[in-house]
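Taken in sequence, the protein lines are chains A and B.
What the first sequence shows, in this note's numbering, is residues 148 to 429, in sequence order.
What the second sequence shows, in this note's numbering, is residues 108 to 395, in sequence order.
See structure below.
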Amino acid sequence: MSVLRGASPGSGRLGMRIGRATLMLNAILLFAFLYVPIIILIVFSFNDTRTVARLTGLSLEWYVKLSHNRELLTAARNSLTIGASSTAASTILGTLTALGMDRFRFRFRTAFDAVLYLPIVIPEIVMGISLLLFFNLAFFPVINSISGARLTLGLPTILLAHIAFNIPFVYVIVRARLVGFDRTLEEAARDLGANEWRTFWRVTFPLLLPGILGGALIAFTLSLDDYLVTVFTAGTASPTLPLYIYSLVRRGVTPEINALSTVLLLASMGLVVLSLAAQRRE
Amino acid sequence: MTETGGKARRRGPLLVLPAAAYLLVFFVAPLALVLVISFVERGRAGGVRTPLAATLQYYARLVDPLYVGIFLKSARIALVVTLACVLFGYPLAVFISRSPQRLRSPLLMLVMIPFWTNFLVRTYAMKQLLGAEGGINGVLLGLGLIHTPLSLIFNEFSVVLGLVYGYFPFAVLPMYASIEKFDLTLIEAASDLGADLRRAFLRVMLPLTLPGVLAAVVLVFVPVVGAFITPDIMGGGKVEMIGTLINRQFGVARNWPFGSAMSLTLMVMVVAGVLYYFRSSEEKDRPL
Numbered sequence: 148m149s150v151l152r153g154a155s156p157g158s159g160r161l162g163m164r165i166g167r168a169t170l171m172l173n174a175i176l177l178f179a180f181l182y183v184p185i186i187i188l189i190v191f192s193f194n195d196t197r198t199v200a201r202l203t204g205l206s207l208e209w210y211v212k213l214s215h216n217r218e219l220l221t222a223a224r225n226s227l228t229i230g231a232s233s234t235a236a237s238t239i240l241g242t243l244t245a246l247g248m249d250r251f252r253f254r255f256r257t258a259f260d261a262v263l264y265l266p267i268v269i270p271e272i273v274m275g276i277s278l279l280l281f282f283n284l285a286f287f288p289v290i291n292s293i294s295g296a297r298l299t300l301g302l303p304t305i306l307l308a309h310i311a312f313n314i315p316f317v318y319v320i321v322r323a324r325l326v327g328f329d330r331t332l333e334e335a336a337r338d339l340g341a342n343e344w345r346t347f348w349r350v351t352f353p354l355l356l357p358g359i360l361g362g363a364l365i366a367f368t369l370s371l372d373d374y375l376v377t378v379f380t381a382g383t384a385s386p387t388l389p390l391y392i393y394s395l396v397r398r399g400v401t402p403e404i405n406a407l408s409t410v411l412l413l414a415s416m417g418l419v420v421l422s423l424a425a426q427r428r429e
Numbered sequence: 108m109t110e111t112g113g114k115a116r117r118r119g120p121l122l123v124l125p126a127a128a129y130l131l132v133f134f135v136a137p138l139a140l141v142l143v144i145s146f147v148e149r150g151r152a153g154g155v156r157t158p159l160a161a162t163l164q165y166y167a168r169l170v171d172p173l174y175v176g177i178f179l180k181s182a183r184i185a186l187v188v189t190l191a192c193v194l195f196g197y198p199l200a201v202f203i204s205r206s207p208q209r210l211r212s213p214l215l216m217l218v219m220i221p222f223w224t225n226f227l228v229r230t231y232a233m234k235q236l237l238g239a240e241g242g243i244n245g246v247l248l249g250l251g252l253i254h255t256p257l258s259l260i261f262n263e264f265s266v267v268l269g270l271v272y273g274y275f276p277f278a279v280l281p282m283y284a285s286i287e288k289f290d291l292t293l294i295e296a297a298s299d300l301g302a303d304l305r306r307a308f309l310r311v312m313l314p315l316t317l318p319g320v321l322a323a324v325v326l327v328f329v330p331v332v333g334a335f336i337t338p339d340i341m342g343g344g345k346v347e348m349i350g351t352l353i354n355r356q357f358g359v360a361r362n363w364p365f366g367s368a369m370s371l372t373l374m375v376m377v378v379a380g381v382l383y384y385f386r387s388s389e390e391k392d393r394p395l
């Protein structure tokens, strides 16, 4: 017994040390796994030949080509337009919903709460095909019989779809922010003579702002990245950025895609910095 | 804290109404339509037959061993990917949470950056690495270790690798959130009471950080089982999963009702799994 007692702390310490080394090794390997492909991608965007197997020399020719690529520029503009408009719409709708759900009890509230989480959990491809069926078999025929207009899939239908999948994400994030909300602050404002409108804009809104910004940022990123829902609602219209990239990636590997990917990588790193800055405000 | 009274009772629905109406039209109605379409016959040239003719044939076709096999294969792939993400992600989350305070934020950011990066870009990065003229083959050929490129891509392994690469950050972040809150002195307490490290981990740390692990499982398994992009790009048409199968029904096969039946089956499976997860995590939250 005494021998065991003497031995166990020592072996425990050794075990700890081995454990710590294993954790470190695991972390190093995983960060390599995450970043080596990305680093190779960036390096070959500066290659001066079409190959992505050997680095033959450095040049910026692929970036120059990108800046002259009309199709790409149109796709980028489409993505930014849809991203900005769907973010604006879904942020307003999602924030109002979070306020309504957090502060009031009413009929169908529980059922609606379930509906709000559903778009987050159902497979994206299911949402995509459901909207394809809906626009073609229900929405367009109904519009046609009402106004006689013959609509087809295009940028407006992509926008309608993006707003639909963004609302729940904004809702969840703003609602989380409302959980720790100190409502005595609002009461204080009202006691000091502020009306409801003023209380909302001067007290409630500023306190919710980090949550609203966080939600908007997620919505913008999701919209900008989405491929699956977009491809089913885009029809033959001019593509968004992910649709354009997808068509290139399926065709093969070229340094031009590497250059484009590098630009997008830098943009998303900018978004990470933004989101961290937003979190710091909390 | 809930407001009552006539005015407030009207205002709640008023705030919720715009989004509710929107989601009713652009989310609930489309899903209901999938349900309807899955029970009617397809048209000759695609679409659905008019007038609508009710049928159960598409559900009957789903139990064909070919399709059951694809569902099982997708579930197996999702399981392997989830296991890999959790088994490697958990120790990484432990490592980050035990790092010195000033290193924690940067390390976490290293996990976040891929999380925020365009999924297509990351899948493409992996495709390039494994491709015939890609990084790994380039290095091996350059070193003279091989003379013809290895076929590393367009098989089930490359799909699994691509999926792990794509969803790994989704697993680390929730597990980190749980592990960071875990009080490590509890491990010391357990070992003072005579438990060895393995036992202390299994009996103390794992149960207390289980919510994070379960969240990671849901966040990885759910999107992976219905994945389309990764099997399409990394599988090159050779690895069939539910996602690629559904996509085909709305593309070349032009069989919308069959695709709808598959989608609905997939959705029911996923939602049932998530509900089960929420039920079990609610039970754990209940005070003893």
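We put the CB at the ideal spot given by N, CA and C, even for glycine.
As the structure is a computational prediction, the values presented were derived from the model and not from experiment.
With fewer than 16 other CB atoms across the displayed protein chains lying within 10 angstroms of its CB, PRO207(B) is exposed. With contact defined as three or more Cβ pairs closer than 8 Å, the segment 323-332 of chain B and the segment 247-267 of chain B are not in contact. Judged by DSSP in its simplified three-state form, LEU252(B) adopts coil rather than helix or strand.
At a C-beta separation below 9 Å, THR228(A) has no neighbours in chain B, since its nearest C-beta there lies roughly 18 Å away.
Of all residues in the segment 214-236 of chain B, those with a C-beta nearer than 9 Å to a C-beta of chain A are LEU214, MET216, LEU217, VAL218, MET219, ILE220, PRO221, PHE222, TRP223, THR224, ASN225, PHE226, LEU227, VAL228, ARG229, THR230, TYR231, ALA232, MET233, LYS234, GLN235 and LEU236, reading in chain order. Cβ proximity to chain B below 8 Å picks out LEU371, ASP372, TYR374, LEU375 and PHE379 from the segment 370-386 of chain A. Going by DSSP, ILE286(B) is part of the alpha helix (DSSP H) stretching over 263-288.
Cβ proximity to chain B below 9 Å picks out ILE310, ALA311, PHE312, ILE314, PRO315, TYR318 and ARG330 from the segment 309-342 of chain A. In terms of Cα proximity to GLY327(A), the closest of THR351(A), THR346(A) and LEU423(A) is THR351(A). Under the three-pair Cβ rule at 8 Å, the segment 398-411 of chain A counts as touching the segment 187-195 of chain A. Residue burial annotation: ASN225(B) is buried, with at least 16 other C-beta atoms found within 10 angstroms of its C-beta. Neighbours of TYR210(A) across chain B, judged by C-beta separation under 9 Å, do not exist; the nearest C-beta is about 16 Å away.
Residue burial annotation: VAL317(A) is buried, with at least 16 other C-beta atoms found within 10 angstroms of its C-beta. Across the segment 283-303 of chain A, CB contacts with chain B closer than 7 Å involve LEU284 and ALA285, in sequence order along the chain. Residue pairing by DSSP puts VAL155(B) in a beta bridge opposite ARG149(B). Just so you know, the alpha carbons of LYS288(B) and VAL271(B) end up roughly 26 Å apart. For ASN194(A), the secondary structure class from DSSP, reduced to helix, strand or coil, is strand. With a threshold of 8 Å between beta carbons, TYR129(B) makes contact with chain A. In the DSSP annotation of this structure, ILE260(B) is not part of any alpha helix (DSSP H), being labelled neither H nor E.
Contact with chain B is absent for ALA424(A), since none of that chain's Cβ atoms lies less than 8 Å from the residue's Cβ. Inter-residue distance for VAL141(B) and GLY166(A) is about 51 Å (C-alpha atoms, whole angstroms). In this structure, DSSP gives ALA381(A) a state outside helix and strand, which the three-state scheme calls coil. In this model, LEU227(B) and LEU291(B) are separated by some 39 Å (Cα to Cα). Taking the CA atoms as reference points, VAL218(B) sits about 13 Å from PHE195(B).
Residues of chain A with a Cβ closer than 9 Å to the Cβ of GLY342(B) do not exist; the shortest Cβ-Cβ separation is about 12 Å.
Against PRO184(A), the close residues of chain B are ARG229, ALA232, MET233, GLN235, LEU236, GLY242 and TYR272, in the order they occur along the chain (beta-carbon pairs closer than 8 Å). If you draw a straight line from the Cα of SER145(B) to the Cα of ALA182(B), it comes to about 22 Å. Residue burial is scored here from C-beta neighbours: HIS254(B) has fewer than 16 other C-beta atoms within 10 angstroms and is therefore classed as exposed. Boundaries of the alpha helix (DSSP H) harbouring GLU208(A): 208-215, taken from the DSSP string. Taking GLU295(B) as reference, the option from VAL123(B), GLU148(B), GLY342(B) and ALA307(B) with the minimal CA-CA separation is ALA307(B). Judged by DSSP in its simplified three-state form, ALA360(B) adopts coil rather than helix or strand.
Under the three-state reduction of DSSP, ALA341(A) is assigned to coil, being neither helix nor strand. The three-state secondary structure of ALA296(A), taken from DSSP, is coil. Counted as a single uninterrupted DSSP element, the stretch harbouring LEU163(B) is not any alpha helix (DSSP H), since DSSP gives it neither H nor E. Setting aside the 5 residues that flank it on each side, ALA160(B) is surrounded in the same chain by VAL147 and GLU148, each with a C-beta closer than 7 Å to its C-beta; the list follows chain order.
For ALA179(A), no Cβ of chain B is located within less than 8 Å of the residue's own Cβ.
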